[in-house]
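Trainee:
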Amino acid sequence: MYFDKIPTVPTADELLDRSFRRASRKMREKTNKRHANEDFVRAITQATHDKLVTIIQSFPEFEELPPFYRDLCDILFGMDALKKNLGMVGWAAKNVRDVGNSISKGMRWTDTQIERRRAVARIASIVHRADDALRYLNDVRNVLRKLPVISTDEFTIVVAGYPNVGKSSFIRLVSSGEPEVASYPFTTKGVIVGHRNAERRRKIQFIDTPGLLDRADEERNVIEKQALNALVYVADLVLFIIDASENCGYSFEAQMKLREEIESIISVPMISVVNKSDVKSVDGFFNMSTVSGEGVEEVLAELLRLRNEMKVEEEVDLRSELPQPEIRRHGARLDTETHF
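Quick note: the sequence shown uses the UniProt record's numbering, first residue 1, plus one each step.
#1: When we look at the beta-carbon of D4 and count the other beta-carbons within 10 Å, is it buried (16 or more) or exposed?
#2: Just how far apart, CA to CA, sit V120 and E261?
#3: Contact check, T156 vs A43 under 8 Å by CB: the rounded distance?
#4: Do I241 and G295 have their C-beta atoms within less than 8 Å of each other?
#5: Could you tell me which whole alpha helix (DSSP H) segments of length 4 or greater appear in the region 246–292?
#6: In terms of DSSP beta bridges, what is V238 paired with?
#7: If we call anything under 8 Å between Cβ atoms a contact, is L82 one with T48?
#8: Measuring straight from C-alpha to C-alpha, what distance separates L300 and Q57?
#9: Considering Cα atoms alone, identify which of E253, K94, V159 and S245 is closest to M270.
#10: For T54, tell me which candidate among D71, I75, M79 and A92 has the shortest Cα-Cα distance.
#11: DSSP state of R122, grouped into three classes?
#12: Nearest to T152 by alpha carbon, out of G87, C248, V193 and D243?
#13: Span of the beta strand (DSSP E) holding V193?
#14: Look at the alpha carbon of T112 and the alpha carbon of D50, and state the distance between them as a whole number of angstroms.
#15: Applying the 10 Å Cβ sphere with the 16-neighbour rule, what's the burial state of I114?
#16: Pop quiz: K276 and S245 are said to be a contact at Cβ under 8 Å. What is the actual Cβ separation, rounded to whole angstroms?
#17: Tell me the DSSP secondary structure of D13 in three-state form.
#18: State the CB to CB distance for the pair T8 and N138, rounded to an integer number of angstroms; the pair is presumed to be in contact (CB under 8 Å).
#19: Identify, in the order they occur along the chain, each residue of the same chain with its Cβ nearer than 6 Å to the Cβ of S19, setting aside the five sequence neighbours on each side.
#20: What did DSSP end up calling K105 once you bin it into helix, strand or coil?
#21: Using the three-state DSSP reduction, which class does I6 fall into: helix, strand or coil?
#22: Leaving out the 5 sequence neighbours to the left and right, which residues in its chain are closer than 6 Å to I126 when beta-carbon positions are compared?
#23: Does the Cβ of M288 have 16 or more other Cβ atoms within 10 Å, making it buried, or fewer, making it exposed?
#24: Can you give the Cα-Cα distance for T110 and N101, rounded to whole angstroms?
#25: Over what stretch of residues does the beta strand (DSSP E) that includes F206 continue unbroken?
#26: Please classify S19: does DSSP put it in a helix, a strand, or coil?
#27: Going by the beta-carbon positions, is the gap between Y2 and P67 smaller than 8 Å?
#28: If the criterion is Cβ atoms closer than 8 Å, does the pair D208 and A12 meet it?
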C-alpha cells in the first residue's frame, strides 16, 4: 500500500520538543560551556531539519501514483493544497538549516549563550510558521491510511447506481466486504472493497461505490466523484443496480438516465440488474432481491460468466517455439544434433 507507512505528523510544538530534548543530551556531554552551546545549536538545527525532511519524504510522490489513487487524492484534498503544504514544510526545513548553520558558525566570536537563545527563538519561529501545514498533513495522513487497497492484478467488478438501491447489500452477500447498510442515502461515504475466491487461488475484487446522482459533474460532491473515479480507472466490469420500486427515493426514469451516462463514460462491459424484485420486477433485466436473496446467485453467475469470457489466457509453451533437435541412432545409443 502507498500510504500505510506514513507516520504521525507532529505539531510544531511536538517537533520542537523532541529536537530540544535531543540537543540537550548533546549539550550535557560537553564540559566546556562554549562548546556545549555550539553543539546545542548544531544539534537542534540538525534534528529539526531532518525531521521536517522526513515528514516530506514519508508522503508518496503523488504524480507517480496509479491514476486511481492520484485522482482520489485530488478529489479528497486537492493536489494544489497538498503541494502547497508540503512546500511549506520544505521551506521550514531549508530556513531552519540556513539559520542554524549561520548562527553556529559565528558563535566562536560572540557570547555563545546569547547566540544559543537567539538560535532557539529563530528556529522555533520558523517551525511555528509551518504549524498549520503540519496539522493539515497529519489530517491528510489519517485519511490516506484508511483508503482501501485496490489491487490492479485482480478482476474488478464495480457496483454503481443511485443511493439506497442495494449496492452495499449485494456486496455483502457475494464477497468478503462488510459495507454499512442502512436506509438513508449516501450510506457509503467512500469506496469499499470486498473479495471473492475464484479458481486457482485467484480472487475477484468487488468495489462498492458511493451512490451517484444524475446531475452535472461540477455539481457532484466528493462522495460521488469517488464513485466516478472507481468506474473510470479500476473497473473491468460494471454492475449497475436499479430500484424499480423507487423506494430509494428516485424515479425509474432518472435511474435509467444515470445508467446511460455511466455507459457513455466507461470502456468496459456493464450489466444492469433490478433489485428489490420482491416489491417490483422489470422484464428484460436480471431481477433480484438482496432482502430475500432471490436472484442473487443468478446475477453472480452472470458476472462470473462475463468475467470468464473477458479473461484472456495465453499460455505459450516456450519449448514448442524452439527448434527441435534431430535425433540420430547409433547402435543402442541416441545422439542428438541441434541447429541452433
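All C-beta atoms, glycine included, are put in the ideal place defined by N, C-alpha and C.
Mentor: Well, looking at it:
#1: exposed
#2: 59 Å
#3: So it is not a contact: roughly 51 Å between Cβ atoms.
#4: no
#5: 252–265
#6: DSSP lists V158 and M270 as partners of V238.
#7: Not in contact: L82 and T48 (Cβ atoms no closer than 8 Å).
#8: Cα to Cα, the separation comes out at about 44 Å.
#9: V159
#10: A92
#11: helix
#12: V193
#13: In the DSSP annotation of this structure, the continuous segment of the beta strand (DSSP E) that includes V193 starts and ends at I192 to N197.
#14: 24 Å
#15: exposed
#16: 5 Å
#17: Under the three-state reduction of DSSP output, D13 falls in the helix class.
#18: 6 Å
#19: I44, A47 and T48
#20: helix
#21: coil
#22: A92, N95 and V96
#23: M288 comes out buried.
#24: 15 Å
#25: K203 to D208 is the extent of the beta strand (DSSP E) around F206.
#26: helix
#27: Cβ distance not < 8 Å, so Y2 and P67 don't count as in contact.
#28: no
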